[in-house]
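What follows is one structure encoded as structure tokens, with my remarks underneath.
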Amino acid sequence: MNASAAGLLPDVSGHFGRYGGRFVPEALIAALDQLDAAYRHATADEAFQAEFGRLLRDYAGLPSLLYRADRFSAAAGARIFLKREDLNHTGAHKVRNVLGQALLTKRMGKKRVIAETGAGQHGVATATAAALMDLECVVYMGEVDTERQALNVARMRMLGATVVPVRTGSRTLKDAINEALRDWVSTVDDTHYLLGTAAGPHPFPGMVRDFVRGIGVEARQQILDQTGALPDAVAACVGGGSNAIGIFHAFVGDEGVRLYGFEGGGEGVSTDRHSARFSGGSPGVLHGARTYVLQDEDGQTIESYSISAGLDYPSVGPEHAWLHDTGRATYLPVTDAEAMDAFQLLCRTEGIIPAIESAHGLGGALAVAPTLAEELGREPTIIVNLSGRGDKDVETAGSYFRILG
Amino acid sequence: MGLTEVFEKARAEGRAVSVGCMPAGFPTVDGSIAAMVAMAEAGIDAIEVELPYSDPVMDGPVIQRASEIALAGGVRTKDTLRAIEAVAGTGVPVVLMTYWNPIERYGVDAFARDLAAAGGTGLITPDLIPDEAHEWLAASDAHQLDRTFLVSPSSTDERLAMTVAHCRGFVYATAVMGVTGARDQTSVAAPALVSRVRAATDLPVGVGLGVRDGAQAAEVGSFADGVIVGSALVRCVLEAPDEAAGLASLRALSADLARGVRAVTR
Ligand SMILES: Cc1ncc(COP(=O)(O)O)c(C=O)c1O
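Taken in sequence, the protein lines are chains A and B.
For the first sequence, full-length UniProt numbering assigns the number 1 to the initial residue and increments by one for each residue that follows.
For the second sequence, full-length UniProt numbering assigns the number 1 to the initial residue and increments by one for each residue that follows.
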């Protein structure tokens, strides 16, 4: 593979090799074209970039720190650096994407944003940006999720957003996306769909990647400053794929740097309860793009499962499908149990409570560290994207570890 | 009779064609066949079968619910083909509306072959635009099937011309910006969209999304070549206490729609 080609993707019609594209109703094409044009103009516009940079720095608290986690490293048998996206305003990498798209919304003269959310993290981030930029905000959330994430529903409402519980299908994230798409088909004139991850129809995958790729740009410079060398590996959890592509992208051209994406392995890929699109799915079309999806023999979507709501999604961003097929990145499942062991280890060794999503990145790093060490004949250096903090997961983790009340 | 002949015959009579939709497998495979046959017997000119799909983003609550019921009942892609064969066997033209993933999963060429063998006239593809349709363009040519892509009020002139150039059989104009579902008023955007399509092609233009009764069918039939009715028909079955009552109200609405398209001559 020509690694430098990564900078040239997607092509003008939004394809990463055979993946990506636009599998959406014609009614949305004009809005996607408008978004694509607005995005390309904004990219070239210094004033836009300056405003985006100012918000990231002064509002969201970026660049995030790169922290050498010595006690966790000792347990891992690898030198582990954490990219501290958990310290960002609203508690995750998602604020980068949300601020970028909210600025674009203003630029397009639209007054309303809609969003989907699973655990509520992207919904909270969107409601935050909407409050900041005076936009009307409607968040679609599966009814099952509104019940398990009642606190985030309250947060969104405090920020002035309307939360719409979705009662169709499995009543989770995938159905929330369907409902947001249905809303958008009827409201594209004044509404922007603020999609929460690097997936969906073109231009979302490439655009969201560009809004979050600062994670990797910062981390690459920080590791060079701190160690004088590039890392042996970069690791991230993969839900829709935004935090992973965000940290991978700046390293894609560095052929010596291994890229690992860790999916929700749930109760194991051999069971029917997981979110492992690469080891348990196959190429197909869902939510606007061709990519890897969980599907049955007839192409009906199979419901995903993960202890982590942010990884519990049957599709994945198309650039990951391309990185997977070209062999540039490796995608492996991490089970609920492996992730929760890593979660607890980070709490106890570093005094950091990670998001359960991010704990899958940690668990994956623990799993690959011994093989890497053997291959290299020395202790490997691994950057793990700590994509978010665990405040939102206190209840889930508390009941998992049976330490509530 | 083929779909093209039905459009030609109606055009000669100075009226629009009525097209009635039903998801295959709703409430059961045989139940859906009975429903579609009843619609045709009551005067509906052509049947649009919908392949039930887990994530129907162009459909409103009524068709979503019907699709969920069909899938919960275990309907498979091959059952949809069986339903098409049974309904087409009665002589009414049958076109399939389907989201793209089930076709890609089946194999595009294999599906085109089996659809043609079942007597289907072609596909309406709500989430496949011509830009992404290379495989389907080739397969539909190879198996002589019609291709209906959608145009929307938001389509630019350039896209509209490109889209209709890839259609065969008829063009589907989505009358309102929105998903399927019966509405009290069909949109003012529809006549404008239809005349834009007419400027670009001689193919018949079907208008869908929102028609609820014979009066609305008459209104749409005054400017379109096909009046496509979905949710209102599906609701007859969905809300009926039993199958016989569902079929009775389906027949009544179908007859009303058939009268509607004949009420105005053009
Ligand atoms: C902290 C955190 N990490 C990761 C994810 C997964 O999303 P993505 O794969 O787009 O980074 C989420 C999604 O909610 C999240 O909240």
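Even for Gly, the Cβ is constructed at its ideal location relative to N, Cα and C.
Item, Value
"Whose C-beta lies closer than 6 angstroms to the C-beta of alanine 359 of chain A among residues of the same chain, with five residues either side of it excluded?", "Ala339, Ala342, Phe343"
"Under 7 angstroms from any heavy atom of ligand 1, does the C-beta of serine 315 of chain A make it?", "no"
"Please list, in chain order, the residues of the segment 90-117 of chain B that have any C-beta partner in chain A closer than 9 angstroms.", "Tyr99, Trp100, Asn101, Pro102, Ile103, Glu104, Arg105, Tyr106"
"Output, in sequence order along the chain, the residues in the segment 24-36 of chain A whose CB is closer than 9 angstroms to any CB in chain B.", "Val24, Pro25, Glu26, Ala27, Leu28, Ile29, Ala30, Ala31, Asp33"
"With DSSP run on the structure shown, which of helix, strand or coil describes residue 422 of chain A?", "With chain A represented from 1 up to 405, any question about residue 422 of chain A goes unanswered, as that position is not in the structure."
"Would you verify that the beta carbon of aspartate 157 of chain B is, or is not, closer than 8 angstroms to some beta carbon of chain A?", "no"
"Report the residue from B/Ala258, B/Leu247, B/Thr80, B/Gly119 whose alpha carbon sits nearest the alpha carbon of glutamine 216 of chain B.", "B/Ala258"
"Between isoleucine 63 of chain B and valine 234 of chain B, which are expected to be in contact by the criterion C-beta below 8 angstroms, what is the C-beta distance as a whole number of angstroms?", "6 angstroms"
"Got a sec? Which residues, its chain only, sit under 8 angstroms from glycine 160 of chain A by beta carbon, not counting five neighbours each side?", "Ala127, Ala130, Ala131, Cys137"
"Buried or exposed: isoleucine 383 of chain A, going by 16 or more other Cβ atoms within 10 Å of its Cβ?", "buried"
"Nearest-angstrom Cα distance between leucine 123 of chain B and glutamate 5 of chain B?", "17 angstroms"
"Relative to the C-alpha of arginine 21 of chain A, which candidate in A/Ala125, A/Glu319, A/Leu65 has its C-alpha closest?", "A small correction: the amino acid at residue 21 of chain A is glycine; arginine does not occupy that position in the sequence shown. Residue A/Glu319 is the option with its Cα nearest to glycine 21 of chain A."
"Is any heavy atom of ligand 1 found at a distance shorter than 7 angstroms from the C-beta of cysteine 347 of chain A?", "no"
"For isoleucine 84 of chain B, decide whether its Cβ has a neighbour in chain A, counting only Cβ atoms nearer than 8 angstroms.", "no"
"Rounded to whole angstroms, what's the CA-CA distance from arginine 159 of chain B to aspartate 131 of chain B? Just pull it up for me.", "10 angstroms"
"Could you run through the segment 132-159 of chain B and flag, in chain order, every residue whose CB is less than 9 angstroms away from some CB of chain A?", "Glu132, Phe149, Leu150, Val151, Ser152, Pro153, Ser154, Ser155, Thr156, Arg159"
"Going by DSSP in three states, serine 170 of chain A sits in which element: helix, strand or coil?", "coil"
"Going by DSSP in three states, asparagine 243 of chain A sits in which element: helix, strand or coil?", "helix"
"Nearest by alpha-carbon distance to glycine 89 of chain B: which of B/Val57, B/Ile33, B/Pro126 is it?", "B/Ile33"
"Quick check: is any heavy atom of ligand 1 less than 7 angstroms from the C-beta of lysine 94 of chain A?", "yes"
"Looking at leucine 150 of chain B: is its Cβ nearer than 8 angstroms to the Cβ of leucine 96 of chain B?", "no"
"CB of serine 387 of chain A to nearest heavy atom of ligand 1: below 7 angstroms?", "yes"
"For aspartate 146 of chain B, list the residues DSSP reports as bridge partners.", "B/Gly122"
"Using 8 angstroms as the limit for Cβ to Cβ distance, is serine 222 of chain B near chain A?", "no"
"Identify the contact partners of arginine 171 of chain A in chain B, using a Cβ-Cβ distance below 9 angstroms as the criterion.", "Within 9 angstroms Cβ-Cβ: nothing; arginine 171 of chain A doesn't reach chain B, min ~11 angstroms."
"Compare the C-beta of aspartate 202 of chain B against all C-beta atoms of chain A and say whether one is closer than 8 angstroms.", "no"
"Tell me histidine 192 of chain A's beta-bridge partners as DSSP assigns them.", "A/Val113"
"Apply the 10 Å Cβ neighbour rule to glutamate 41 of chain B and answer buried if 16 or more other Cβ atoms are within range, or exposed otherwise.", "exposed"
"Anything in the segment 286-299 of chain A with a Cβ closer than 9 angstroms to a Cβ of chain E? List those residues in chain order, please.", "Judged by its chain identifiers, the structure shown contains no chain E, and its protein chains are A and B."
"What is the C-beta distance between alanine 269 of chain A and alanine 276 of chain A, in whole angstroms, given that I count them as a contact (C-beta under 8 angstroms)?", "Note that residue 269 of chain A is valine in the sequence shown, not alanine. Correct: roughly 5 angstroms between the Cβ atoms."
"Tell me which residue opens and which closes the beta strand (DSSP E) that valine 212 of chain A is part of.", "It is not in any beta strand (DSSP E) - valine 212 of chain A instead sits in the alpha helix (DSSP H) that spans 204-212."
"Run the CB neighbour count on glutamine 144 of chain B, radius 10 Å, all protein chains shown included, and call it buried at 16 or more, exposed below.", "exposed"
"How many angstroms separate the CA atom of aspartate 190 of chain A from the CA atom of arginine 71 of chain A?", "51 angstroms"
"Taking Cβ-Cβ distances shorter than 9 angstroms, what residues in chain B pair up with serine 13 of chain A?", "Asp131, Glu132"
"Going by other Cβ atoms of all chains shown within 10 Å of its Cβ, with 16 needed for buried, is arginine 167 of chain A buried or exposed?", "exposed"
"When the Cα of glycine 226 of chain B is compared with those of B/Leu81, B/Leu247, B/Val264, which residue comes out closest?", "B/Val264"
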